Every structure is written in C-alpha cells, then in structure tokens.
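Trainee: The structure is given below, and queries will be raised subsequently.
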C-alpha cells in the first residue's frame, strides 16, 4: 500500500513528481506505480507536469485494490494525479492511465491531463473493475473530477477521457452538476 498522507515540517504536501521546472528545457520522464492500494489525502500529489519548455511525463498507476484521492490541505489544494502544461510552459501534457478495482475522488480530488499553456492536453484512461465515485468539491467549489481540457487562455488540443467501469457515480455538488459532466451533456 502506498499512502501519501502527511506534510513535511516545511508544510509541503506529500508528492511523487517528475517535472520540467520553470526556465528549464527538457522533457519529464514518466511515473509508474504498481501497488495494492493508493491512498492520497491532505493535498498530496502525483505530478508529471511541465512548467518550462518540454513535454510533461505520463503517469501509469496499477492498483489491484482501491485508489482514494481525498481531502485538500489547509491552503485548499486538493489531492490530485496530474500531468499538465502550466500557464507559461511550452510542451505537451502526458497521458494518465489508471487501472484499479475501485476509484474514489472526494472533496475536490482530481485526475487531470490538461494544458494551461502552449501544447496539447494528455489523454486520461481509467479502467475500474467495480466502481468510480466522484463526489464533493474543494473549498474553492471546484468539484472532484476527471479531466483532459484546454484552458480558455491556452493553445492546444484536448486528447479526451476514456472510462471503463461497472458503476460510474458522479454526484451533484451543492445542487450544481460537476462542470465536466455539464460539458459532456452539452456536447451530446
């Protein structure tokens, strides 16, 4: 079992990262995780993003049991698995591929392969044998979710989200539908 639960004495959330830093040039390698269970809380992150010039890395997680992505930290940063192109970065986001039995995203927990800069968003592929649950929002009212998107100020293409599961539960958030569900419904 992998647990990303606590913060460091310097108040830094637990994280697993492979990134291209600001002002750096090069590509991030990927992150590969194989475990029985993955439990992420308190703003913890698995992140293969680019903040400079170069491609973000891909993330592949295989969990034979459960993946739980829950709780934001005191600064309202939600726990997340992300491969992104940051606002001032140039490059493509990597793909995020997850295989598990159950996936729970709560309190703003997210899985994301988006672009906020110049480059394409990555593809998100999730296979869960039983259930995927996305419920609640973070302190900023951003709902839990699974996304591959191009931000309004970004330049690039989204690569899409593919989900395979027995049960998919997307809960309402304070009477509002999760933003990603509204977008899917509008496109139909």
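Residue numbers (our numbering): 2 to 189.
Glycine included, every Cβ here is placed at the ideal spot set by N, Cα and C.
Just so you know, these numbers come straight off a predicted model, no measurement behind them.
By DSSP's criteria, residue 68 is part of a beta bridge. Which residues make up the other side?
Mentor: Here the question's residue 68 lines up with position 67 in the chain shown. According to DSSP, which records beta bridges pairwise, residue 68 is partnered with 39, 104.
Trainee: Note down the Cα distance separating residue 185 from residue 55, rounded to an integer number of angstroms.
Mentor: Numbered from its first residue, the chain shown carries residue 185 at position 184. Numbered from its first residue, the chain shown carries residue 55 at position 54. Any answer about residue 185 is weak, because its pLDDT of 45 lies below 50 and its placement is not dependable; what the coordinates show is given next. Straight-line Cα distance between these residues: approximately 30 angstroms.
Trainee: Can you list, in chain order, the residues of its chain whose CB lies under 6 angstroms from that of residue 132, leaving out five sequence neighbours each side?
Mentor: Residue mapping note: residue 132 aligns to position 131 of the chain shown, counting from 1. Closer than 6 angstroms at the Cβ level, and outside the excluded window around residue 132, lie 103, 168.
Trainee: Check residue 54 in the structure and name its three-state DSSP category.
Mentor: On the chain shown, position 53 is the one that residue 54 refers to. Reduced to three states, the DSSP call for residue 54 is strand.
Trainee: What are the partner residues of residue 116, as DSSP defines its beta bridges?
Mentor: Within the chain shown, the letter at position 115 stands for residue 116. Under DSSP, residue 116 shares a beta bridge with 86, 151.
Trainee: Tell me, which residues are paired with residue 129 by DSSP?
Mentor: Here the question's residue 129 lines up with position 128 in the chain shown. Paired residues: 101, 166.
Trainee: Would DSSP call residue 143 helix, strand or coil?
Mentor: Along the chain shown, read from residue 1 onward, the residue named residue 143 stands at position 142. In the structure shown, residue 143 sits in coil (DSSP, three-state: anything other than H, G, I, E or B).
Trainee: Between the Cα of residue 231 and the Cα atoms of 68, 26, 91, 48, which residue gives the shortest distance?
Mentor: What the structure shows of the chain is the stretch from 2 to 189, and residue 231 is not part of that stretch, so it cannot be assessed.
Trainee: When the Cα atoms are used, what is the spatial distance from residue 58 to residue 97?
Mentor: Here the question's residue 58 lines up with position 57 in the chain shown. Here the question's residue 97 lines up with position 96 in the chain shown. Going by the C-alpha atoms only, they are around 9 angstroms apart.
Trainee: At the level of alpha carbons, what is the spacing between residue 15 and residue 34?
Mentor: Reading the chain shown from its first residue, position 14 is the one you call residue 15. Reading the chain shown from its first residue, position 33 is the one you call residue 34. Near 15 angstroms, if we compare the C-alpha coordinates of residue 34 and residue 15.
Trainee: Quick check on this structure: which residue in 41, 151, 125 has the alpha carbon closest to the alpha carbon of residue 69?
Mentor: Counting from 1 along the chain shown, the entry for residue 69 is found at position 68. Closest option to residue 69, Cα to Cα, is 41.
Trainee: Could you check what DSSP says for residue 138 in three-state terms: helix, strand or coil?
Mentor: Translated into the one-based positions of the chain shown, residue 138 becomes position 137. Correct three-state label for residue 138: strand.
Trainee: Please report the Cβ distance between residue 39 and residue 64, rounded to the nearest whole angstrom; I am assuming they are in contact, meaning their Cβ atoms lie under 8 angstroms.
Mentor: Working through the chain shown from its first residue, we reach residue 39 at position 38. Working through the chain shown from its first residue, we reach residue 64 at position 63. In this structure, residue 39 and residue 64 form a Cβ contact; the two beta carbons are roughly 5 angstroms apart against a cut-off of 8 angstroms.
Trainee: Closest to residue 171 by CA distance: which of 89, 86, 101, 111 is it?
Mentor: What you label residue 171 is simply residue 170 of the chain shown in a count that begins at 1. Per the Cα distances, 111.
Trainee: For the beta strand (DSSP E) containing residue 226, list its first residue and its last residue.
Mentor: Here the chain comprises residues numbered 2 to 189, so residue 226 is not present and cannot be evaluated.
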